[in-house]
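Take the sequence shown: its position 134, counting from 1, is numbered 299 in the numbering used here, and each next residue is one higher.
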Amino acid sequence: MPAHTRRGTGEPVLLITGSGGSARSWDAYQVPALVRAGYQTVTFDNRGSGPGPTGPFGLDDLVEDAARLIEALGPAPCRVVGLSLGAIVAQELALRRPELVRQAVFMATRGRTDALRRAMVTAEIEQSRGAPSVSDAHRGVLRAMQNLSQSTLADDSRAQDWIALMEGPLDTGDGYRYQLESTLIPDRLRDYAGIEVPCAVIAFGDDLVTPPHLGREVADAVEGCRYVEIAHCGHYGHLENPGAVNDALTAFFASHPE
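What follows is the structure in structure tokens.
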């Protein structure tokens, strides 16, 4: 079972982050909001991030890790929120183990790998394997432009803070590469028609990594799935406009009480 952190005392909400992400990324905004709303948050690092197994793994292993964690939390089912890679994990979990999932939210998600996403992920994998590198400063600018809305970057102070935050070195560990490879999914949209638990997709209007039309495809594939699109946010929309994201989460959870 993955190491995890619980906060709050209500019904559990499992938060699954994206490729290279840390469980701490939820701590500033989503954890406090969900705890205030009466939920218990459960955060953990995906396999390949932080302590834990680092050998070869794939999407199936990440799904199984999440399932084992929910089983260990106590009586299932559990609410699940996934971002990017975490959303793909949550989608597969809802499909394969519906008895473990009360509700699921898929943020910045997709149900297939189109040509551009495949090229982007493949390039990132090559970089992590030691392809010709760029400076930390250059990488910070590229990351900011790729993951943030132009609305955020138009504010000079916010842009400078974000760029400085993103100037760190590229993760070259095997775990990060395995996570990236896990996002190279085939077209799963027809399969997702079999998801029967209550679901919602949250897309971010300015997301270049997983643009809204790909999230809309997932919502359209799952009968009754709620679709919410938050404007002026990039791939890190949960950090750029946390208030809107948290409102969408709590409103959806309240629509299907226990």
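Even glycine gets a Cβ: it sits at the ideal position worked out from N, Cα and C.
Residue i versus residue j: straight-line alpha-carbon distance, rounded
i	j	result
Q315	G305	15 angstroms
S464	G338	No answer is possible for residue 464: it lies beyond the span of the chain, which begins at 166 and ends at 423.
R355	T170	35 angstroms
V393	Y401	15 angstroms
E264	P242	6 angstroms
V286	A302	21 angstroms
A319	Q311	14 angstroms
E236	D352	28 angstroms
D372	A168	30 angstroms
Neighbourhood of residue i by C-beta, 6 angstroms cutoff - its chain only, sequence neighbours within 5 removed
i	result
V245	L179, A255, V266, A269
C364	A269, V387, C390
L379	R275
V196	R172, T206
N411	A198
Backbone secondary structure at residue i - three-state DSSP
i	result
F417	helix
H169	strand
M331	coil
R244	strand
T287	helix
P407	helix
Y401	coil
V207	strand
L313	coil
P177	strand
V366	strand
Own chain partners of residue i with C-beta closer than 7 angstroms, once the 5 adjacent residues on each side are dropped
i	result
S347	G223, L224, L227, L250
G185	S214, D336, Y341, Q344
P221	Y343
V200	R172, G173, T206
Same chain, Cβ closer than 8 angstroms to residue i, five either side skipped, listed in chain order
i	result
G404	Going by the sequence as given, residue 404 is Leu instead of Gly. Within the same chain, L404 has close Cβ partners S190, A193, Y194.
V299	L307
E289	L345
S187	D210, S214, G215
Residue of the options minimising C-alpha distance to residue i
i	options	result
A280	G389, I395, R171, V374	V374
L414	G185, R262, F271	F271
T174	L345, G239, D352	G239
G203	F209, R172, A284, T274	R172
F209	R201, G220, A232, P221	A232
R262	H397, V362, E394, G399	V362
A252	A368, L234, D412	A368
G333	D320, L313, A309	A309
Supposed close pair residue i, residue j - CB separation, criterion 8 angstroms
i	j	result
G370	A396	4 angstroms
L248	T182	6 angstroms
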